[in-house]
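Trainee: Take a look at the following structure, please.
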Amino acid sequence: MKIGFLQFKPEFGKVKENISKIENMVFEKDFDLLVLPELSNSGYLFVSKEELEEYSERASDGIFCSSLLKICSQKKCYIAAGFCERAEEDETLYYNSSILACPESRYSLYRKIHLFYEESNFFTPGNLKYKVEKITGERFGEAYVGMMICLDWLFPEAARTLALQGAQIIAHPSNLVMPYCQKAMYARAVENGVFTITANRIGEDVNHGKEVTFTGESVMLNPRGKYLARGTKDTEELIIVDINPADADDKFINEYNHLFNDRRKDFYSIN
Ligand code: ACM
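Just so you know, we're using my numbering here: the sequence shown kicks off at 3 and counts up by one.
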């Protein structure tokens, strides 16, 4: 199975330009599952609700999601990508969301639960539970994919919840500003025995006197902590690697120890 990330710099507020860039880059290579950064349609640094209203879209008919679905249908592939979502069920609510676009025009959504810093001034915290999707393809048969977004890395419960539901691959659209996540994803992969794909953005957003710089270095790991690919700090790049998703099904780390069965739930009180 060919999986990968597209690391790029979304231009703030330039949704059509961002779509064109993605369309140009994704046809360079063949893949089954590609992960794009958080807020790939709009860029990150919102300073007003009006901006968010302008750039957000419904997943069912927005131009960004529609263009991803079209790519997936043409290339017979899956794309997980962050975007700002106007909720179908209530047009006054905006979520920092991720779509898993599928080749048969189907999609599933995750809405970021752990909002970072000033995001909570604009976005509503996610209201959808972590879930795992079965995806299929001629090259790989079937695979199980779960999504989380950026700061979710800091809450190990997120990746654990997905892994316990059977995720073999965690798709992780990100806009990272601190240097810790890329290292922490090593632990998320190893402690859960899953593949992880963290697609980070590069460059900076500058808006009304505010500025934020993103750290690039997107990263893919296998269930035993092998780095499958690491992006640069500041280059737009599409990196694809070959994996066998079933490698994530073996949770034994030796003949005695099993990542899930050895958990001593009676001794944990984490709620
Ligand atoms: C983040 O959650 N975008 C750091």
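Each residue gets a CB set at the ideal place from its N, CA and C atoms; glycine is no exception.
Would you tell me roughly how many angstroms separate the C-alpha atoms of Glu90 and Met149, rounded to the nearest one?
Mentor: When rounded, the distance between both Cα atoms is 20 Å.
Trainee: Say the cut is 7 Å; is the CB of Leu178 nearer than that to a heavy atom of the ligand ACM?
Mentor: Because some heavy atom of the ligand ACM lies under 7 Å away, the Cβ of Leu178 counts as near it: yes.
Trainee: With three or more C-beta pairs closer than 8 Å as the rule, is the region 13-33 touching the region 159-167?
Mentor: Not touching, per the Cβ criterion.
Trainee: Rounded to whole angstroms, what is the Cα-Cα separation between Phe33 and Lys78?
Mentor: The alpha-carbon atoms of Phe33 and Lys78 are separated by roughly 9 Å.
Trainee: With a threshold of 7 Å (Cβ to nearest heavy atom), would Phe157 be considered close to the ligand ACM?
Mentor: Checking the Cβ of Phe157 against the ligand ACM gives no.
Trainee: Taking 7 Å as the cut-off, does the CB of Glu140 come closer than this to any heavy atom belonging to the ligand ACM?
Mentor: No, the ligand ACM has no heavy atom inside 7 Å of this Cβ.
Trainee: In or out: Gly233 buried (at least 16 other Cβ within 10 Å) or exposed?
Mentor: Its Cβ being crowded by 16 or more others within 10 Å, Gly233 is buried.
Trainee: Just grab the DSSP bridge partners of Thr215 for me.
Mentor: Note: Thr215 sits in a beta bridge opposite Glu206.
Trainee: Using DSSP bridges, identify the partner residues of Ala83.
Mentor: Bridge partners of Ala83: Ile101.
Trainee: Taking DSSP as the reference, what is the three-state secondary structure of Gln76?
Mentor: Of the three classes helix, strand and coil, the one that applies to Gln76 here is helix, per DSSP.
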